[in-house]
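Sequential numbering of the sequence shown, starting at 17, is according to this note's numbering.
Glycine included, every Cβ here is placed at the ideal spot set by N, Cα and C.
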Amino acid sequence: MSSAEAIQEIYNVILIDTEIGKYFAKHITDEEAQNVKGKLDSNQLEWWKNVIMKSYLEDFYAFVQEIGGATSEVMGLILETEADFRTISIAANKMGLDNFNADLKDLAPNFGSLFPEITDKLSRCSDVANITVALDSSVYKDHWSAVKGFYESEGGVRMTNAKSMDDQKFIYCGKLMEISFEQQFNFGVFYAWTQLREQEIRNVTWIAEMIIMGKKQSVDLGLIPIFGSRMHN
């Protein structure tokens, strides 16, 4: 089997034999599906990642709303928050990509507290200052203030010691995941458990990388606490 045939086979599996296949099918024609290698090698991978996640989150949100009850309450808040953070992350990350002109409104989920008014404002932002203004009246104003240094360039180089919006999302959503265990009779705890376990894996990976690089003093910079103490003096 040639490499092109192998890639075609993998693509067919994604489109036909997995749950995410329907999301790819929304955005690709039969003719494009025959030119898989060119599609995978293009610079549109960031676009694909965002549109697939948009469709997935929208379907997930509709599903938990249909379930209703405590699950809808717990998971609805988690997914709305994830959608909001994702919208801001896309707006911020677009600034660092050359020739990436996709409209934010086509990439961001169509639910959450930012949709549609602030999403529309963010779609017209071209720099950090614009995003700061767009988020000034939102509940994410302080979150953005805490991370905007990551996206500000000094001589074309991002500040490496600052946390990104994705880091901030893991920190804040992690707390929502923990709180979900305090609500009875909801399926959100299963989602929360898997997400917290993934963060635990990221923490362990970060620690290992810092040890290998001889930067043990930097371990705390990348760690995101899970189930921290809630005791107060």
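- Inter-segment contact for the segment 214-233 and the segment 131-140 is absent: fewer than three beta-carbon pairs are separated by less than 8 Å.
- Around the beta carbon of Pro-125, 16 or more other beta carbons sit within 10 angstroms, so the residue counts as buried.
- Looking at the backbone, the Cα of Lys-38 and that of Asn-117 are separated by about 25 Å.
- Two segments are said to touch when three or more pairs of C-beta atoms, one from each, lie closer than 8 Å; by this definition the segment 86-103 touches the segment 64-77.
- Excluding its 5 nearest sequence neighbours in each direction, Glu-194 has C-beta neighbours in its own chain below 7 Å: Phe-243, listed in chain order.
- Annotation for Asp-182: Ser-105 place their beta carbon closer than 7 Å to its own, counting only its chain and skipping 5 residues before and after.
- In terms of Cβ geometry, Thr-87 and Asn-202 form a close pair [threshold 7 Å].
- The beta carbon of Met-91 lies closer than 6 Å to those of Val-80, Gly-204 in the same chain, with the five residues before and after it left out.
- Leu-151 and Lys-157 have their alpha carbons spaced roughly 5 Å apart.
- Residue environment analysis places Leu-123 among the buried positions, since at least 16 neighbouring C-beta atoms fall within 10 angstroms of its C-beta.
- For Ser-196, the closest alpha carbon among the candidates Ile-227, Gln-184, Glu-89, His-159 is that of Glu-89.
- Taking C-beta atoms as the reference points, Tyr-77 and Phe-131 fail to come closer than 7 Å.
- Secondary structure at Ile-227: helix, using DSSP grouped into helix, strand and coil.
- Per DSSP, Cys-141 lies in no alpha helix (DSSP H) and is assigned neither H nor E.
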